[in-house]
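Note that the protein sequences, when read in sequence, are chains E and Y. The first sequence begins at 589 in this note's numbering and counts up one residue at a time. The second sequence begins at 589 in this note's numbering and counts up one residue at a time. Even glycine gets a Cβ: it sits at the ideal position worked out from N, Cα and C. Take a look at the structure set out below.
There are 2 protein chains.
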Amino acid sequence: MTSVDLLFLPPPDDAAPAAGDGPPATHPDVTPDFAFGDLAASPETTRKLALALGGVQHQFHITPLRPTSTAPVTVSATTGPAFPAVAAWLYYTTDGSRPVGHGGQATAGQAVPMVWRETRWADLLWDYLSVWEAAIPPQPAGTVVRYAIEALAQPGSGLVAGWADASVEGPGGGEPVFAYLVDAPVAPDWVRDAIIYHIYLDRFDPGPGNTWRSVERDWDVMGGTLAGVTARLDYIAALGVDTLWLSPIFPSPTYHRYDAGDLFQVDPALGTNADLRTLVQAAHARGMRVLLDLAANHISSEHPFFQAAQADQASPYHDWFTWQQWPDKYTMFFTALGLPRLNNEHPAARAHMLAAVLFWLNEYDVDGYRLDYVLGPSHDFWTAYYRAVKRSKPDSFSVAEATHGAAVLRSYEGRMDGALDFTFLTMIRGLIAFGTTTLSAFDRYLEQSARFFTPGFVLPTFLDNHDMNRFLWVAKGDTRKLKLAAAIQFTLAAPPIIYYGTEVGIRQGGDVRENGWGRDVEARGPMLWGADQDADLVAYYQRLGAIRHAHPAIRHGHRRLLHLDNAAGTYAYAQTAPGALGLIGLFNLSAEPRALTVTLPVGINAPMTSTDLLNGCVVTPTDDGLTAALPPFGAALVEIG
Amino acid sequence: MTSVDLLFLPPPDDAAPAAGDGPPATHPDVTPDFAFGDLAASPETTRKLALALGGVQHQFHITPLRPTSTAPVTVSATTGPAFPAVAAWLYYTTDGSRPVGHGGQATAGQAVPMVWRETRWADLLWDYLSVWEAAIPPQPAGTVVRYAIEALAQPGSGLVAGWADASVEGPGGGEPVFAYLVDAPVAPDWVRDAIIYHIYLDRFDPGPGNTWRSVERDWDVMGGTLAGVTARLDYIAALGVDTLWLSPIFPSPTYHRYDAGDLFQVDPALGTNADLRTLVQAAHARGMRVLLDLAANHISSEHPFFQAAQADQASPYHDWFTWQQWPDKYTMFFTALGLPRLNNEHPAARAHMLAAVLFWLNEYDVDGYRLDYVLGPSHDFWTAYYRAVKRSKPDSFSVAEATHGAAVLRSYEGRMDGALDFTFLTMIRGLIAFGTTTLSAFDRYLEQSARFFTPGFVLPTFLDNHDMNRFLWVAKGDTRKLKLAAAIQFTLAAPPIIYYGTEVGIRQGGDVRENGWGRDVEARGPMLWGADQDADLVAYYQRLGAIRHAHPAIRHGHRRLLHLDNAAGTYAYAQTAPGALGLIGLFNLSAEPRALTVTLPVGINAPMTSTDLLNGCVVTPTDDGLTAALPPFGAALVEIG
């Protein structure tokens, strides 16, 4: 067998399950995954990569990744054939001011010539890349170093400037500023132990005494409230969840509320600011934390500041936005007219945004943020954001949403506590729902990802979210596959996120892609309560949460592969930590029952029981390990000493 | 102006020239360049790159690029998601034998575990790459170190081997062997001073007293002979040419003769072995050298060894070829049934090929080889080849034909004296014929290429060859553009190649792509002689040759950019060397006359004359430089002290 054979391994067996135990006999078509950004290396992505590579790129390449007060920081940039640079300069400040320079002369801060370091060949461009480098001396802990990179070309008689990572749409024109925080903190400890529940507020619970509004269109407001969440804390806590992530709370003309009309108010449709305080206090009383969801990139076109800026060119808010042609053409979130992009490079706009961030942290005692579309605002903004929240509330958690690859995600180290793991998402869906990822590739991904990021950066995992088909949909309704995916998710170190309703078996009415953009409402159906829930599935999730909490080795230990067989679809690993109860996870990805025999290597103790904590599968000790009888798409979790 | 603007600079002005001085009023369509291999980053190329990157890749990544006897050699490999490696091993020998090993056990040579060094994110794969490394200790000068790289994955109960750079079509199965030569020589000095003339033998001259045969099809043998070349040596020498590159001389059923029927004979249609000796001796008498053209990758299906192998499975020649299903399915050059691939990994086949190589070098005193399709045989083969020819004739020249990118070309350092510069080809045609390359990008390419390769590796330049549209065709018949391109080509350091007939203005009857593959005959039309030649063009090439020979600073000095203006289409550089006559080249790529004023920087002397050696343009000294009046698409060459 050669590497070529491996490449074309057939997907896991997907024979029809026994009646009553599997997916519906027929299921509508499921489209491959997609997302806002660049979730796959499509020809379009490749074209964009090549286009960017042709110009001046920094892409936050600094060494070390997390600057300290004891070593210089090497900043590197590349220039391609579309910008044939003859020189490059780095401008930086350490006093918090914006660096300003041109042609090697700094008018604010220092100018450092970048040195040509290397010539690389880039197949994607069919041409060379020049690599330039400059060093910034060590700075005291807590310093924010802000910098910009200017390459110079001479296409005619004069020098032309090209700014690294400049984009036509970029805020503040063509001179992006980057930044890093010296000795930046890492994620707080509690995050590693968290189980997160992702609530789409309009669709969760209308609150005591209320019922869902009847709506004309799927995307009308249905009436979920904060009080509704408070009323369901017992239900949520029973899942083992200790952290809530609330979708945006701000007044908004839409049901999703990612377009804030006021960053300091709760949308009256959700309740009052006091309702939020009540929810946070009730959660804290149960030992639960609350994360808000913040879009710093854009606000609503109905926000008074945008209205003022659009009504009057002399408005103080005019420069909070980027106008191609005032008053009708402005930079927005992709092409959404209702979501004008906030120019966070403008000092007052930035101050306003950061004031809102601190307001909810300090006045309402929320525990952090899930940051929407972090790719929009600059790394300079996020560095300022992170410094502000960590000074104000060191124990808070900030997690980035970026749909780009791991290299981009890693660039948020030192600017965020972590990032949502979209690569895990594509891998686990590829492995179990689409059958496009082999077990070998999946396990390799886990290993590599752990090596790629620093241990201080947290990558919460999820099976689905509000922007894509639910897992159960792509699994064609087969609950066994959802359970299997969740068992793997909950026995890996990263904090798992449950998207509301996935744990009760919400089913979609159709594919999110069927009818274009608006159909992501399919993934945002109203929560099921009471008898509408799949009680077996809920109980399963409760067991998963309990097992995870009872076994800190999952979160703080060492994962060790015990067994992997692509053809048989069987997989097992151990999670162990010194002095803590360990766990062995055994998984059957095939549509056939499998007897999975595992030999335990030196250093991994024999099971303490022969009980499968999760599903009660029959587990039999052997001389040097154990055998588990796993049903199709089944999993077993066995405790070890 | 930002990098984005630069990206979309309009191509050079291409207004209609004055009557009688430009291209024909109308010209048939010209297709973009293409070639056998991967001359552009097409979606297909990108797909192939991603496919290869997913598996186990070595791609000849060793450090240093040219191993010496004093330092260890670091060998690196990458593994991707299609081959989720858990370990990797390097097997090597230093005694010339083939390394053999599996699973970390060497049965011939040494086994060295490769160490996981780094995890990288690959956007192209949307997954991680693992980087593995191992070191080979220093070896005495002249040692050939042969090695293979095995990655191990565990997709099921057993380990599976994946060999680096294994390909389904690879010779010898799935275990490619690589090699390097310690303290490998570099190109001989004479090559740097060479002007090379590329003769397509069947189409050059039928010889004294003979005429072209009348042919039914364009690809029938027209009757060029070696005696015809000998008879034209005066003509060739007058161009300043000192090196002949003859297309293949071996007996063959085709007119191109890249399919040899006997590696030790001259095709009777070309003459006799004695005719070759006469030609070489006559050339040497004039101080000219002679290169043969050798396809080591494949031979003719009419070669007796292939015939024997196909007739009898017990034939000693059976294993000289790779059979998918004997006798009809075998590995060939792409899909050419007439060109079975020779398995140069087979010791006897390799010995036969190397014996032929040495035969012509030693018995007929030829001066080297142009090696066809070097991508076919392994680097191990080419290392053995290079060691053999350099031991036998240190002053010989071996130049590779590979249509891949610069990273692949560079991998032939230490195995070849140089490689044909296909990147220069695409750049100069993009710059002057297609208008798709800016002057900035072109100049940047020259700078970067000089940095990318070691000075010991020679990259001969060419404007066209037998596998593509002639330059004059893609320039839509505009001789001014051909002259301009040749002026740049002849004033750069790399040895220029003239493809026979380009210097006399051979015109094509149609586009090489018009009618599929066979139409490359359009670029292989019979040489024009006497009054059929464009005498002005020939005289121009003669001047270029003479100027190049008279100014060693071009070949051995330092190129310095003096002027570049994308919008005006004007360009100038100086070639200088201590103690030698220098040269300033001034170029007008626009369709308008231009007065080009150049200020000479410190270190570059004022012109010795105000004469343009090439075209007699008016050159006027200024206080600190000179001004040249250049006609549309004109060039001037001015001598400096």
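Residue range of the beta strand (DSSP E) that includes residue i
i                : result
A1209 of chain E : This sequence places Pro at residue 1209 of chain E; Ala is not what is there. 1207–1210 is the extent of the beta strand (DSSP E) around P1209 of chain E.
A819 of chain Y  : A819 of chain Y -> not in any beta strand (DSSP E); alpha helix (DSSP H) instead, spanning 814–819.
I737 of chain Y  : 732–741
Status (buried if at least 16 other CB within 10 Å, exposed otherwise) for residue i
i                : result
Q869 of chain Y  : exposed
L925 of chain E  : exposed
M1196 of chain E : exposed
K1069 of chain E : buried
V1190 of chain Y : exposed
D822 of chain E  : exposed
R1136 of chain E : buried
K917 of chain E  : exposed
V803 of chain E  : exposed
T910 of chain E  : buried
P1260 of chain Y : The structure shown does not extend to residue 1260 of chain Y, since chain Y is modelled only from 589 to 1229, so the question has no answer here.
C-beta neighbour in chain Y for residue i, strict 8 Å
i                : result
G1098 of chain E : no
W911 of chain E  : no
D1031 of chain E : yes
R1039 of chain E : yes
P1083 of chain E : no
P726 of chain E  : no
T634 of chain E  : yes
P759 of chain E  : Any answer about P759 of chain E is weak, because its pLDDT of 43 lies below 50 and its placement is not dependable; what the coordinates show is given next. So no, P759 of chain E is outside the interface.
A1111 of chain E : no
L963 of chain E  : no
P631 of chain E  : yes
Cutoff 8 Å: residue i Cβ touching any chain E Cβ
i                : result
Q1017 of chain Y : Checking the displayed sequence, the identity of residue 1017 of chain Y turns out to be Arg instead of Gln. Chain E, which has no Cβ nearer than 8 Å to the Cβ of R1017 of chain Y, makes this no.
Y655 of chain Y  : For clarity, residue 655 of chain Y is Pro in the given sequence; the question names Tyr instead. Chain E, which has no Cβ nearer than 8 Å to the Cβ of P655 of chain Y, makes this no.
D1212 of chain Y : no
Q744 of chain Y  : A small fix is needed here, since residue 744 of chain Y is Gly in this sequence, not Gln. At least one chain E Cβ lies under 8 Å of G744 of chain Y.
F624 of chain Y  : Below a pLDDT of 50, predicted positions are generally treated as unreliable, and F624 of chain Y, at 36, falls in that range; the measurement from the model is reported next regardless. Chain E, which has no Cβ nearer than 8 Å to the Cβ of F624 of chain Y, makes this no.
Q1036 of chain Y : yes
S966 of chain Y  : no
S1028 of chain Y : yes
A741 of chain Y  : yes
L1218 of chain Y : no
Beta bridge counterpart(s) of residue i as assigned by DSSP
i                : result
Q913 of chain Y  : Y:K917
H786 of chain Y  : Y:W833, Y:Y1087
S802 of chain Y  : Answer is none; S802 of chain Y lacks a bridge partner.
L1149 of chain Y : Y:Y1161
F893 of chain E  : DSSP output for F893 of chain E lists no bridge partner at all.
M1004 of chain Y : Y:E1001
E706 of chain Y  : Y:V719
Range of the contiguous alpha helix (DSSP H) that encloses residue i
i                : result
D777 of chain Y  : 777–780
N1193 of chain Y : It is not in any alpha helix (DSSP H) - N1193 of chain Y carries neither H nor E in the DSSP assignment.
F1040 of chain E : 1027–1040
R1068 of chain Y : 1067–1078
A673 of chain Y  : Element bounds for A673 of chain Y: not the alpha helix (DSSP H) but the beta strand (DSSP E), 673–681.
F838 of chain Y  : Counting along the chain, F838 of chain Y falls outside any alpha helix (DSSP H), and DSSP gives it neither H nor E.
N861 of chain Y  : 861–873
Which residues, in order along the segment 709–721 of chain E, keep a beta-carbon less than 9 Å from a beta-carbon of chain Y? W709, A710, D711, L712, L713, W714, D715, Y716, L717, S718
Where the segment 985–1009 of chain E meets chain Y: residues whose CB sits under 8 Å from a CB there: G993, A994, A995, R998
Can you give me, in chain order, the residues of the segment 1143–1168 of chain Y that have a beta carbon less than 8 Å from any beta carbon in chain E? L1152, D1153, N1154, A1155, A1156
Using Cβ-Cβ distances below 7 Å, what residues of the segment 648–675 of chain Y are close to chain E? P669, A670, F671, P672
If you measure beta-carbon to beta-carbon, which residues of the segment 687–709 of chain E are closer than 7 Å to chain Y? T707, W709
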